[in-house]
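Below is one structure, written out as structure tokens, with a few remarks after it.
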Amino acid sequence: MALVKNNLFTCEFEHDIFMFSCAFEFIEGDDGDGWNTPPVSDQIMTISVSMISYTTEEGDVIKLDKPCDVTYIINDDVKKDMHIAITNFLNE
Numbered sequence: 024m025a026l027v028k029n030n031l032f033t034c035e036f037e038h039d040i041f042m043f044s045c046a047f048e049f050i051e052g053d054d055g056d057g058w059n060t061p062p063v064s065d066q067i068m069t070i071s072v073s074m075i076s077y078t079t080e081e082g083d084v085i086k087l088d089k090p091c092d093v094t095y096i097i098n099d100d101v102k103k104d105m106h107i108a109i110t111n112f113l114n115e
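Here this note's numbering is used: the sequence shown runs in plain steps of one and ends on residue 115.
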């Protein structure tokens with residue numbers, strides 16, 4: 024059986040005038056043993072996405088009192104920026 028390391032992370036990313044925080048789980052894969060155990064790929068599972076601030080037309084950054092859960096209402100452009108931020112975070 025392949026061993027995996029479960030790691031929970033958060034990273035912040037920006038899209039347009041909004042700042043988001045993303046919580047995700049990174050499961051590190053295993054190369055296998057080349058014989059009985061097949062390799063297991065790395066996996067990234069998004070747990071939640073929250074909006075934490077926005078920028079006004081005057082350039083003021085307004086932090087929200089509580090993060091607003093937007094996990095199920097973000098569009099594909101925001102998801103793309105989120106995946107870029109997660110990839111950059113993991114490659115640091």
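Cβ coordinates follow ideal geometry from the N, Cα and C atoms, glycine included.
query: Selection from 92, 64, 71, 36 that minimises the alpha carbon distance to residue 46; result: 71
query: Residues sharing a beta bridge with residue 53, DSSP; result: 63
query: Beta-carbon proximity check, residue 84 vs residue 43, cutoff 9 Å; result: no
query: Enclosing alpha helix (DSSP H) for residue 97 [first to last residue]; result: From DSSP, residue 97 is part of no alpha helix (DSSP H); its letter is neither H nor E.
query: Residue from 48, 41, 111, 30 with nearest C-alpha to residue 75; result: 41
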